[in-house]
Amino acid sequence: MSSISRFLRRASLTAAVVGTAAVALSDLKMWRISMCFNPPSPQADAGAATRGHQGLIRAHPRLRELNEALSSRDAFFLDATHALAASALRVPTMTGLFLHLFLQSGGGSPRSQATAESRGASYDAVHYRIQQSLLRAREGRFDEALADVARLAGDSPGDPRPRFTASALCCLHGRYGTAVEWMKSIPRDTRIGGIGQFENAIVIAMPGSSPRSFEQGTEGNVMCAASRFAEDMLLLHFMQGQWSIREKLEVFALVSLLHHFVSKHGRCRGGGLRRFVSKHRRAAPASDDLTKSIPKREFFNGNLFYLVECFQAILATVLRARPLCGDRLREVRALSERALLLAAAEGDDLAVVDVNLLLALLATRDGHFHEAMRRYAAAVRKDPSDPRPYELAAMLCSLFGQTEWRDLWRAAKEQRGHGTKGLAELPALLDELVVAAALGGAVLTAIDEHSDPRGGLVLLAAWREVDAALAAAVRDKNLTFLESCQIRALHSVLHAKLKPLLHSANHGLQKNSRENE
């Protein structure tokens, strides 16, 4: 199969998972129909709320604060679609450990910035500082990021990039009026060629923003920026290589899907800034070479990485939710620590084990492998007969290549973990852990499932999570027959797109299992 065909298969899957899902779910949102990703009433599907690690905490209603923090499965669904899309396209994610390392010592490090400044490369120095600010915003540190960009705008009055970035961050942070003022402060002739900087900042910083910012009219701006950005990436691939007529039609179908999605949100609040941005984007000078008219993406060289980020921004906007990362993840970890102390004080050993399993998942999602292993060890000490922490720890060791540790955990389970407690819920716990490890480790999604079985593990686990979410949505009793048919059709489309990849992943896992026997 040609590289173009492989790209189309995986890009189509990515668009189907998050683009088509976003369109379908958008329609349900606009019709004010209850959705099971965030059950609004006791009549919604109960299975979704009791699945996986969220279900562990649901079993302990006395842990009120923690239950309230985990009241929705939206964050788990966003993580699953993120891992599935990135795994399908085989690209890393800017999450977890990768995000921490990039923020501390990546291309935008203080050392790189100082080197650029010492060479008189002021353009690169501004780029590095913007990069750092966007990463801080992605982690949820918006006040700090905005202060950095505002200082940078003062230090570089002739450079429009800090102002575009400040406008985008204010937009995401719910400061809509300030976002417009930042945009208007940029000279008109400069705005036309720099809108790409605004869109770049929107897409990169979106995960750290708060859904509450939508109340300030952010939804339409994020949607438009992410959709236009994704369209650029698709068109860029369209120009590379030789395409058949069928392949060209597929690309144009994806672009049409994005246009349709933007039109669905044309009446969203915040249209003033969106129209302002769109006006100057359309005014950009035409070029015979399309690559010159596509805004320059300076954060990563990987266009497929940006495609995944764009579709995640679209889906997060539709669900009015954000992934469990950055400040939100730290907040849930703090609540979990308090819940652990409460459970220990009350002598509730099962709650202590369950909260430790949740803390291990959160540590994994944040890229802290050793902290997760420490939590599993604490769960074993509290109840050595519980098989769940052994299985979860062994899986985590496998994913990060710690085969000796994995074998030790398996041997310990054979000796002590003979209980049957929680075995029915173990598959869902394992799938959520694999997704968390894929995003916490960031590079697992880039592994080829043909050469390394871990790539297949990620793809299969992420699909099962998305599959369960869509199955739960179909069971919503508030849906009409037509609406139920829409979600069933979406479910079928996703399964059809995934079938070749699932087959390949399963084949790789079976082959690896036979070789290790």
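282 is the number that this note's numbering gives to position 248 of the sequence shown; each next residue is one higher, with no gaps.
For glycine and all other residues, C-beta sits at the position ideal for the given N, C-alpha and C.
On a predicted model such as this, the values are computed, not experimentally measured, just so you know.
Asked: So, using beta-carbon positions, are Ala-187 and Arg-197 closer together than 7 Å?; Found: yes
Asked: With DSSP collapsed to three states, give me the class of Cys-359.; Found: coil
Asked: Report, in whole angstroms, the separation of the C-beta atoms of Leu-463 and His-87, which I expect to be a contact under 8 Å.; Found: 6 Å
Asked: Could you have a look at Thr-84 and say whether DSSP puts it in helix, strand or coil?; Found: coil
Asked: What residue range is occupied by the uninterrupted alpha helix (DSSP H) comprising Asn-390?; Found: 383-399
Asked: Suppose you measure from the CA of Ala-509 to the CA of Asp-482; what does that come to, to the nearest Å?; Found: Here residue 509 is Arg; the residue named in the question, Ala, does not match the sequence. Going by the C-alpha atoms only, they are around 35 Å apart.
Asked: By a C-beta neighbour count over all protein chains shown, 10 Å radius and 16 as the cutoff for buried, is Val-477 buried or exposed?; Found: exposed
Asked: Three-state secondary structure (DSSP) at Glu-483?; Found: coil
Asked: State the Cα-Cα distance for the pair Val-256 and Arg-522, rounded to the nearest angstrom.; Found: 28 Å
Asked: To which residues of the same chain is Ala-502 closer than 7 Å at the C-beta, ignoring the five residues directly before and after it?; Found: Arg-85
Asked: Counting C-beta neighbours from all protein chains within 10 Å, is the total for Thr-325 16 or more, i.e. buried, or is it exposed?; Found: The pLDDT assigned to Thr-325 is 40, lower than 50, so where the model puts this residue is not dependable; a value taken from the coordinates is nonetheless given after this. Result: exposed.
Asked: So is Trp-544 buried or exposed if we call it buried at 16+ other beta carbons inside 10 Å?; Found: In the sequence on display, residue 544 carries Gln and not Trp. Exposed: under 16 other Cβ atoms inside 10 Å.
Asked: Contact check, Cys-344 vs Val-237 under 8 Å by CB: the rounded distance?; Found: 6 Å
Asked: With a 10 Å radius around its C-beta and 16 neighbouring C-beta atoms as the bar for buried, classify Cys-302 as buried or exposed.; Found: The predicted position of Cys-302 is uncertain, since its pLDDT is 48 and thus under 50; a value taken from the coordinates is nonetheless stated next. Buried.
Asked: Where Ser-485 and His-541 are concerned, what is the direct C-alpha to C-alpha distance, given to the nearest angstrom?; Found: 11 Å
Asked: Please report the distance separating the alpha-carbon of Ala-379 from that of Ala-184.; Found: 48 Å
Asked: Between which two residues does the alpha helix (DSSP H) containing Lys-416 stretch?; Found: 403-416
Asked: Are Leu-363 and Asp-420 close, meaning C-beta to C-beta below 7 Å?; Found: no
Asked: Grouping DSSP H, G and I as helix and E and B as strand, with all else coil, what is Lys-447?; Found: helix
Asked: To the nearest angstrom, how far is the alpha carbon of Ala-264 from that of Gln-346?; Found: 11 Å
Asked: If I measure Cβ to Cβ from Leu-467 and keep anything under 7 Å in the same chain, skipping five residues before and after, which residues do I get?; Found: Leu-395, Thr-398, Leu-426, Met-429, Leu-430
Asked: Ends of the alpha helix (DSSP H) at Glu-172?; Found: In the sequence under discussion, the amino acid at residue 172 is Arg, which differs from the Glu named in the question. Where Arg-172 is concerned, the enclosing alpha helix (DSSP H) stretches over 156-172.
Asked: Starting from Gln-346, trace the alpha helix (DSSP H) in both directions and tell me its first and last residue.; Found: 337-353
Asked: Return the CA-CA distance between Ile-348 and Pro-191, expressed in angstroms with no decimal places.; Found: 33 Å
Asked: Skipping 5 residues on each side, what residues in its chain have a beta carbon closer than 7 Å to that of Ser-538?; Found: Glu-483, His-484
Asked: Mapping DSSP to helix, strand and coil, what is Thr-17?; Found: Residue coverage of the chain in this structure runs from 35 to 551, which leaves residue 17 outside it and unanswerable.
Asked: Taking the continuous alpha helix (DSSP H) assigned at Lys-218, which residues delimit it?; Found: 210-218
Asked: Who are the Cβ neighbours of Ala-260 in its own chain at under 6 Å, not counting the five residues just before and after it?; Found: Val-237, Cys-344, Ala-347, Ile-348
Asked: In this structure, does DSSP put Pro-241 in helix, strand or coil?; Found: helix
Asked: Pick out whichever of Asp-441, Arg-195, Arg-124, Arg-175 has its Cα sitting closest to the Cα of Ser-156.; Found: Arg-195
Asked: Could you check what DSSP says for Arg-175 in three-state terms: helix, strand or coil?; Found: coil
Asked: I believe Asp-113 touches Leu-473 by the beta-carbon criterion, under 8 Å. Please report the beta-carbon distance rounded to the nearest angstrom.; Found: 6 Å
Asked: Can you tell me whether Leu-180 is buried or exposed? The criterion is at least 16 other CB atoms within 10 Å of its CB, across all chains shown.; Found: buried
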